[in-house]
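Inspection log for the structure reproduced underneath, given as structure tokens.
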Amino acid sequence: DTEVTQTPKHLVMGMTNKKSLKCEQHMGHRAMYWYKQKAKKPPELMFVYSYEKLSINESVPSRFSPECPNSSLLNLHLHALQPEDSALYLCASSQDSRAGLSIQYFGAGTRLSVL
Amino acid sequence: AQSVTQLDSQVPVFEEAPVELRCNYSSSVSVYLFWYVQYPNQGLQLLLKYLSGSTLVESINGFEAEFNKSQTSFHLRKPSVHISDTAEYFCAVSAPKAAGNKLTFGGGTRVLVKP
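So the sequences go chain by chain: V and P. Residues in the first sequence are numbered from 673 upward in steps of one, following this note's numbering. Residues in the second sequence are numbered from 1450 upward in steps of one, following this note's numbering.
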């Protein structure tokens, strides 16, 4: 099983709303990632968790707040977003965060629209 | 730091014709190389990878890529495409000691297979 499950598939929210994106994997992976992908662009790394600790934050605005409650779950809490935050948000996981030796498996993404 | 250039943003091709997607990278250190495919409304799937060893790597669905160190390239080829190969293809690199298993993606190549 190489599945990374993301919910919801689609989300529409206003700029004053608070919402959360959820990502789950049951492959025993210890590294999890959040990416943002704008239309016709490659994914951009936002956060990396390694062994449930935040190891990389790519200077993401504080209106995005990640959380890793356990090794299988990764959340992305959203608050006071802007319309330019509308994008496909992808979650990925890998066995660990050793570069190159640990393949990243991606979920199908959550398509977020901020009105 | 690494960078990846995919020379073609779009490649239209007829069914059963061959296709080549070009990828060049820049790095001051050795890198690992990947091709990911993204079908419409889906996440990314790993197509193939080069870590070491034979410079020609193959996928189970007929794609192959060749690592050329002197030309810093990792072009993707398929001798005969199917309609189902219509997708966005991303070339990516990671450096062996990069923190957090960070992938650097190229801009993507959209392949449109026509009947």
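Backbone N, C-alpha and C define an ideal beta-carbon position, used for all residues, glycine too. Keep in mind that this is a model prediction, so the values were computed, not measured.
Distance between residue j and residue i (C-alpha atoms, nearest Å)
i: K691/V; j: L683/V; result: 9 Å
i: G1555/P; j: C695/V; result: 25 Å
i: N729/V; j: V1462/P; result: 40 Å
i: Y1485/P; j: F1523/P; result: 12 Å
i: D753/V; j: P680/V; result: Inspection of the sequence shows that residue 753/V is occupied by Leu rather than by Asp. So the alpha carbons of these two residues sit roughly 17 Å apart.
i: S1533/P; j: V676/V; result: 22 Å
i: H749/V; j: K1498/P; result: 33 Å
i: G1511/P; j: L1495/P; result: 14 Å
i: P780/V; j: V732/V; result: Reading the sequence as shown, one finds Ala at residue 780/V and not Pro. Cα to Cα, A780/V sits roughly 22 Å from V732/V.
i: Q678/V; j: F1539/P; result: 21 Å
i: S1501/P; j: Q697/V; result: 28 Å
i: I1509/P; j: S785/V; result: 36 Å
i: N747/V; j: R770/V; result: 22 Å
i: M685/V; j: F719/V; result: 22 Å
i: V1562/P; j: T688/V; result: 43 Å
Buried or exposed (CB count within 10 angstroms, at least 16 for buried), residue i
i: G700/V; result: exposed
i: D757/V; result: buried
i: T782/V; result: buried
i: Q1520/P; result: exposed
i: S722/V; result: buried
i: L693/V; result: buried
i: V1478/P; result: exposed
i: P755/V; result: exposed
i: L726/V; result: exposed
i: G1492/P; result: buried
i: P1545/P; result: exposed
i: T1558/P; result: buried
i: P1467/P; result: exposed
i: K713/V; result: exposed
i: L1525/P; result: buried
i: S1543/P; result: buried
i: Q1459/P; result: exposed
Residue-chain proximity (residue i, chain P), Cβ-Cβ < 8 Å
i: A780/V; result: yes
i: R702/V; result: no
i: L762/V; result: yes
i: L746/V; result: no
i: L717/V; result: yes
i: Q776/V; result: yes
i: S769/V; result: yes
C-beta neighbour in chain V for residue i, strict 8 Å
i: G1549/P; result: yes
i: L1552/P; result: yes
i: F1565/P; result: Since the first residue shown for chain P is 1450 and the last is 1564, residue 1565/P is missing from the structure and cannot be characterised.
i: G1566/P; result: Nothing can be reported for residue 1566/P: it is not among the residues displayed for chain P, which extend from 1450 to 1564.
i: Q1520/P; result: no
i: L1561/P; result: no
Those residues which DSSP pairs with residue i across a bridge
i: T677/V; result: E696/V
i: E730/V; result: In DSSP, E730/V forms no bridge with anything.
i: T1553/P; result: V1542/P
i: Q709/V; result: L760/V
i: V720/V; result: Y705/V, I728/V
i: G1558/P; result: Inspection of the sequence shows that residue 1558/P is occupied by Thr rather than by Gly. Partner(s): Y1538/P.
i: P738/V; result: L748/V
i: M685/V; result: V786/V
i: L1470/P; result: L1525/P
i: V1486/P; result: Q1494/P, Y1538/P
i: T1454/P; result: N1473/P
i: K1518/P; result: Answer is none; K1518/P lacks a bridge partner.
Chain A contact for residue i (CB, 8 Å cutoff)
i: P714/V; result: The structure shown contains no chain A; its protein chains are V and P.
Legend entry - Cβ contact (3+ pairs, closer than 8 Å) linking the region 1538–1557 of chain P and the region 1470–1482 of chain P: With the cut-off at 8 Å, the region 1538–1557 of chain P and the region 1470–1482 of chain P touch.
Legend entry - Segment contact flag, the region 758–769 of chain V with the region 701–714 of chain V, C-beta cutoff 8 Å, min 3 pairs: yes
Inset, instruction - Would you check if the region 709–724 of chain V and the region 739–747 of chain V touch, i.e. whether three or more CB-CB distances between them fall below 8 Å? - result: yes
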